[in-house]
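In the working numbering, the protein residues as written are 36 to 183.
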């Protein structure tokens, strides 16, 4: 009789253990799915925003570019955990450098060389931020070839 009770108890314990293990794995898998979805969405938005900032930096005045990056600041802080690699650091560097460049516009003591160096640093950080997205998504940049 004890053997039957012990067998029943072990069967119940084994069933409970199997359910607990399955539930734990289901939760983990669901969390991984949600994280992956958020990462893909964050990467797509990060790419679009950084390309917009890059375009604004090339085509607009520095104040417009600064406003463009600041308008996405809340999005950045809401999504920084899902952004790839060095992207958050690059974003902050671009923002800070554009802010500095904006202040420099009214400072006659800055030489053209200093302004050019800052422009190059901003362009480099923008390019590296976009590269982080490509690397995270495991895709290549689209390279256009020109026929000579």
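For every residue, glycine included, the Cβ atom is placed at its ideal position computed from N, Cα and C.
Just so you know, these numbers come straight off a predicted model, no measurement behind them.
| Asked | Found |
| --- | --- |
| Secondary structure at residue 85, three-state DSSP: helix, strand or coil? | helix |
| Helix, strand or coil for residue 168 per DSSP? | helix |
| Going by DSSP in three states, residue 179 sits in which element: helix, strand or coil? | coil |
| Looking only at its own chain, which residues have a Cβ that is under 7 Å from the Cβ of residue 115, when we skip the five neighbours before and after it? | 123 |
| Report the rounded CA-to-CA distance for residue 43 versus residue 51, giving the unit in angstroms. | 12 Å |
| Helix, strand or coil for residue 118, going by three-state DSSP, please let me know. | coil |
| On the criterion of 16 or more Cβ atoms from any shown chain inside 10 Å, does residue 125 qualify as buried, or is it exposed? | buried |
| Following the continuous alpha helix (DSSP H) through residue 104, name the residue where it begins and the one where it ends. | 97-106 |
| Which class does residue 132 belong to by DSSP, given the choice of helix, strand or coil? | helix |
| Taking all protein chains shown into account, decide if residue 85 is buried (16 or more other Cβ within 10 angstroms of its Cβ) or exposed. | buried |
| Along the chain, which unbroken stretches of the alpha helix (DSSP H) at least 4 residues long are found entirely within the stretch 49-75? | none |
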